[in-house]
Each structure stands twice: as structure tokens, then as C-alpha cells.
Amino acid sequence: MIFHVYHSHNELTCPINDTDLFLSSFGSVVDSLEANNVTVIGAWIDGPGHKSFYIIDADSADDIHNGLHPIIARGTAVITPVADLQERSREVAEGQ
């Protein structure tokens, strides 16, 4: 199942000025997700906005939780299941 993960923090919890902290959190989250059976389709960051975005494929909420462990203490994650819009549009059109 495909999920959109939106993670945000603020300037007080931002690890940008602490290289070790950055590498152990945001710098390792993709590897952590993949080590927990989550396929990372893409990962992006809005540095000045203190936001990161991930599109992932996972079968288990536990795998997602465990994979996000490096950034859980850095802020808040919103995890939303998503579906392919074009595929859904075709299904709707075929159902009419």
C-alpha cells in the first residue's frame, strides 16, 4: 500500500547545525525505512520550511513506525494512505 508521509519540525528542533544529529536522524531515515521492509519511492525536503516528504510502499503500520524511528523525536509525522488518481479515474469511468 502506498503512503504519503509528511514530517515537520521547527527551528528549535532542527538538526541542521549539528552534523551528527542530522546524519543520525534525517540522514538515516531512508535507510531505516528500507531496513524495516518499507520501499521508499521518493524522499524530499523543504529545508527552510522544516518539512520533509516521503512516498513509501509498506504492508505494515509497524514497519512504517519502526522505519521512521530516527526522526520521531525530531517532530511530527502525518502518514496518509494514497491511491493512484489515474487508476481511480479509469475505474470510475468504467463503472458508469
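Using my numbering, the first residue of the sequence shown is number 1004, and each one after it goes up by one.
All residues carry an ideal CB built from backbone N, CA and C; glycine is no exception.
Indicate the three-state DSSP secondary structure (helix, strand or coil) for residue i in the structure shown.
{"i": "aspartate 948", "result": "A question about residue 948 goes unanswered here, because the residues of the chain that appear run from 1004 up to 1099."}
{"i": "histidine 1007", "result": "strand"}
Where does the unbroken alpha helix (DSSP H) through residue i begin, and where does it stop?
{"i": "aspartate 1062", "result": "Element bounds for aspartate 1062: n/a, residue is neither H nor E."}
{"i": "proline 1073", "result": "1072-1075"}
{"i": "aspartate 1023", "result": "1022-1027"}
{"i": "leucine 1088", "result": "1088-1097"}
Rounded to a whole number of angstroms, what is the C-alpha to C-alpha distance between residue i and residue j?
{"i": "histidine 1010", "j": "glycine 1070", "result": "13 Å"}
{"i": "aspartate 993", "j": "phenylalanine 1056", "result": "Because the chain in this structure spans residues 1004 to 1099, residue 993 falls outside the shown range and cannot be described."}
{"i": "valine 1085", "j": "isoleucine 1005", "result": "6 Å"}
{"i": "serine 1031", "j": "alanine 1061", "result": "18 Å"}
{"i": "proline 1051", "j": "isoleucine 1058", "result": "20 Å"}
{"i": "threonine 1042", "j": "histidine 1007", "result": "12 Å"}
Just list the residues that DSSP pairs residue i with in beta bridges.
{"i": "valine 1081", "result": "Tyr1009"}
Starting from residue i and walking both ways along the beta strand (DSSP E), at which residues does that stretch end?
{"i": "valine 1043", "result": "1042-1049"}
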